Each structure stands twice: as structure tokens, then as C-alpha cells.
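In this note's numbering, the protein residues as written are 39 to 621. Worksheet: one structure, shown below.
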């Protein structure tokens, strides 16, 4: 079982040991569909081959001196019946393949999205959003195309070789020489084709992810691009990525242009005609059997032609499956700990000899402190001192490398993540709002909240006034990431969201940096009111917020150099005085 921070009960478990077995485990949920597809394809090819067989028999009837109209009528009925059977079985085969392809695409999207939600913040911090989007959209879609039409055509083309060969054996066993040679040589040339195509398909999918990641990054950072006049640089970078993507398509085209099976089929067709005429001249087979034989050999053309692009679809699907599976099986640091400690948090937070490294670099070293329930704690220090990282150890966004972080005297690693995080709320400077209404954004952590509750939380966050000034009030859509709102408005909505969840531990990470002084004073009054009922951590550079904290932790280079109240630290802590001098 993979470690996950978020899991869903009673979901189907798939194999993750290889892309092919992962795909087969998805197919295994619907065993009846592959059976339907193969059965319908066998009947379909049998019916089509039967037409060729009875056309030849019709020739023999016409060449016989005593043929009767009734005999030809029966042959016509058999041919028409075979054609109708081919039509109906073709519909059944196509229906089964399309249903299987759509279900696999749906299930893959669900599995991948659920897996991404369960990954740790460390994992997501290392990923490129554009590449994730490429895998969850384009790569998953290629899995669909791998089945429909890719695998359907491969199954159908394989049977279009097997069934005619069986029928040729019933005509005369000497006619099998050319078909068997053709099948052997075709198999070798198709294997060689796939061998050369596979690495190009993998590079093509990887390059698509790189190109998509660059595009997403440029669009998300379009303000920075424009303000630094870097449009030309971004254009050149994207053009380079797109050119590489195009080059892989050109390489694919070159491989397809050297497709030997077409030549193999042409030689086999000529050889089959020559061999059958020799047998006819020797009196071993009739002319009608020559016609049937050549009709059955002509079916081989379908298998030859279809393999040109059907195997390409399968290779692209396998390459996409490998990319999807690689993301799914990437180990994450934390798990849900579903059966862990669950209780209402009182608010005591203790760090015991805590050290934390990120990417091999020490961020925090030997941190020790004890915070009582209801205390307000200010974290101060220069940029890079480890203030934000320290707070992220409390709700297990990250896990300590050494020591313990305890909430209510219980190691956070022993808590159920859902219980722990549902009682801790963080408001960061870089506020994220969803492309929903204002009321939906405020109620995001409390989905069953009523409108009066939402309005009260907004009022406490000093947001009710500007929300009411909007034409649609709380039903106003804020746009992606809240771009239709000012920075201060976004922060106040985020604060309202935190107030509504009524957290037992509240973390304010420079959360009022984008509001004016008057609004900040009003928000601080609301915070003072609610902070009496919960433990509050404040990361800020504003003296007005630091001074009313019950305790101040001074960090320098990842170490806790001192702690106390404002007056105590002014007297004894040079680092605090140095910080205070710049405030």
C-alpha cells in the first residue's frame, strides 16, 4: 500500500508493478467486456472470411455444366447472412471497446486525482503544475485512444490473420505456405517497427509535459513576465520546446515511412497468386478455390495497413501509462494515520529538540519551547530564519527529522491527520481563493455553514462591508485565484474562512500585509477576541501585532535564540533589538 494523506474507503485497488499490469488490472474490473470484444471480433472476421469463401464456391458453380439457379440463390443467402452477421458483430465489438475505453479513462482520472490529493506538500512542491496537468488530461486521454481504436484494431487485425489462415487450411493444406511465411515475416517487421517507435513515443510524451509546464508557468507568471519585459525570452523558450515536440513527430513520421510490412504484403500477394495458379494448373485445386484463396489473402491487407498506426496508438498509450504510474507510485512522506489519535484540541504545543532538513539543508535546529492553550505567540526573525517552516511542522505539512512536535502532549505523528489538520487553520500572505462565489470560498472548510454564519465570520474579518457593496453580494464570483479582488480583500476573505472553521490552533503568516492600517487595527481587534479561545501563532514584521503577543519566539538561522514578551526581549536579546530597530 502506498502512503497517502487522503484515502477513500472501498475503492478498487490496482496493480502498480508495471504499466502493462496496471492497465490490465483496470481491464480486470470489466472482464465481460474483453470477452465480448474478442468473441464479437472472431465472429466478425469469420463472417467476412466466409464471404470470400463462398464467392469462390459461386465461381465453381458457374463453371460447372449443370449448375442450377437454386444453388446460386442459396450461396447468395449465405453471403448476405454473413454480411449481416459481420455488421451486427462489428457493432457489438465497437460498443464493447468504446465502453471499456471510457470506463478506463474515467477510473484512471479518479485514481490519479485521488492519489494527487493524498500526496504530501513536499511532493507537490517539487512538481511542475503544467506537467501534472499534461498527465491528468492528455496522457489519460491517450489511454482511451490506446483501447479505442488502438487495441481494438490490433485484436481485429490479429484475427484477420488467424481466421483466414484457418479457412485456407480447409481449402487445401498446400496453400498455407505463403500465408504462414507472410505471418512470420510480418510479425518480425512489426516487432522491429515497435522497437524503433517506443523510445520516440516516450520522448514525445515527456516533451509534451515539459512544453505544457513551461506554458503554464509563463501564463501564471504573466504579470512578472510583462513587468520585466521578458515576453521575447518566454516566446523563444516556448518555441524551443515546441520545436523539440515537433521534431519527435518528424522522427515518428520517418519511422512510419520505412514501414516494411507494406512491401512484405505486396510480395506475399504476388507469391500467393503464383502459387495458387500453379496448384490450379496441376489440378490440385479448382479455379473457384483460387478465387476464395486470393479473397482470403486480400484480408491480410487490413492487418498490414492497420498496424501502421494502431501500434503507434498503443505505444503512446503505454508511454502515457508509464508517466501516470510514475506519479502514482512516487513515495510520499506522510500517511493518513486513519486510526491515530482523535480528540478536540485544547491548544498546547510543544517542540522537543526539533530539527528539520529540507532537500538536505538544515532549516531548523534543536528547537525547544512549550506554548500553553490560548497563548498568542509571535514568531520573528530575518527572512529564511525558519518561521513558516516551524508552523508547518505543527499540522504535519512536513515531518521533523529529529525530536518531537506535540499537540496536547501527543506526538503529531500519532494523531490522525484529518483530526489534527481540521482543527488547525493557516492564513498565509499568498492567499488562494477558488473560482467560486465569495460565500463558497468563506465556507470552504465548513461546507454545511449557513449564510448567517458566513456573514458573521466576514464581519469579524472586516469583509462584510465591501462584500455587500458588490452587486451580487456573497454570490459574487471571484475569478481564478481571486483575481477580481484586491490583495486586502482576498486576505480578509481568507481570514473569514479561518474564523468560520473555529480552529483550535490558528496560524497567521503575514496575513494582514496587504491591508491598510485602519483595516488592520479592526482585524486585530477581531483576532484578539477569538485568540482568547485558541492558541495563535503570528508571523509578522508589524510591531503592532508583535507587541500584543503573550510570547515572542526569536529565530536566527534556524535556531531559537530567545523567547519572552516584548519588554523582556528588548532588555536581554540583541537579535530582537536588531529586528525591532527595523520595525
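Here a beta-carbon is modelled for each residue, glycine too, at the ideal position from N, C-alpha and C. Just so it is clear, the structure is predicted and the values come from calculations on it, not from any experiment.
Burial state of residue i (16 or more Cβ within 10 Å)
i, result
"residue 217", "buried"
"residue 287", "exposed"
"residue 583", "buried"
"residue 574", "buried"
"residue 546", "buried"
"residue 189", "buried"
"residue 304", "exposed"
"residue 295", "exposed"
"residue 331", "buried"
"residue 88", "buried"
"residue 382", "exposed"
"residue 50", "exposed"
"residue 489", "exposed"
"residue 502", "buried"
"residue 150", "buried"
"residue 55", "exposed"
"residue 102", "exposed"
"residue 513", "exposed"
"residue 114", "exposed"
"residue 433", "buried"
Unbroken beta strand (DSSP E) run spanning residue i, endpoints
i, result
"residue 464", "462 to 466"
"residue 547", "543 to 547"
"residue 575", "573 to 577"
"residue 14", "With the chain covering only 39 through 621, there is no way to say anything about residue 14."
"residue 416", "414 to 418"
C-alpha gap between residue i and residue j, whole angstroms
i, j, result
"residue 143", "residue 48", "19 Å"
"residue 206", "residue 344", "22 Å"
"residue 187", "residue 75", "12 Å"
"residue 195", "residue 439", "57 Å"
"residue 523", "residue 477", "14 Å"
"residue 601", "residue 400", "21 Å"
"residue 167", "residue 335", "51 Å"
"residue 359", "residue 43", "23 Å"
"residue 592", "residue 181", "53 Å"
"residue 192", "residue 86", "17 Å"
"residue 542", "residue 463", "8 Å"
"residue 406", "residue 423", "15 Å"
"residue 362", "residue 387", "39 Å"
"residue 198", "residue 475", "57 Å"
"residue 495", "residue 529", "13 Å"
"residue 95", "residue 69", "39 Å"
"residue 179", "residue 389", "47 Å"
"residue 130", "residue 137", "11 Å"
"residue 318", "residue 328", "7 Å"
"residue 409", "residue 473", "37 Å"
"residue 158", "residue 298", "49 Å"
"residue 208", "residue 201", "11 Å"
"residue 253", "residue 276", "7 Å"
"residue 429", "residue 454", "18 Å"
"residue 185", "residue 73", "14 Å"
"residue 341", "residue 325", "26 Å"
"residue 127", "residue 119", "12 Å"
"residue 176", "residue 365", "14 Å"
"residue 337", "residue 109", "26 Å"
"residue 614", "residue 603", "11 Å"
DSSP beta-bridge partners of residue i
i, result
"residue 393", "440"
"residue 602", "590"
"residue 515", "475"
"residue 178", "Answer by DSSP bridge pairing: none, since residue 178 is not bridged."
"residue 379", "453"
"residue 448", "445"
"residue 388", "408, 444"
Residue i - containing alpha helix (DSSP H), residue span
i, result
"residue 213", "Looking at the DSSP string, residue 213 is not in any alpha helix (DSSP H), and its letter there is neither H nor E."
"residue 109", "107 to 156"
"residue 370", "Note, residue 370: premise wrong, no alpha helix (DSSP H); not H, not E."
"residue 286", "269 to 295"
"residue 324", "Here residue 324 belongs to no alpha helix (DSSP H), and DSSP marks it neither H nor E."
"residue 262", "260 to 265"
"residue 88", "70 to 101"
"residue 585", "581 to 585"
"residue 50", "It is not in any alpha helix (DSSP H) - residue 50 carries neither H nor E in the DSSP assignment."
"residue 491", "489 to 498"
"residue 314", "299 to 319"
Can you confirm whether the region 60 to 68 touches the region 79 to 90 when touching is taken to mean that 3 or more C-beta pairs between the two stretches lie within less than 8 Å?
no
With a threshold of 8 Å, are at least 3 pairs of Cβ atoms found where one atom belongs to the region 445 to 459 and the other to the region 372 to 382?
yes
So does the region 222 to 231 actually touch the region 269 to 279, counting three or more Cβ pairs closer than 8 Å?
no
May I ask you to verify whether the region 445 to 453 touches the region 607 to 615, counting CB pairs closer than 8 Å and requiring at least 3?
no
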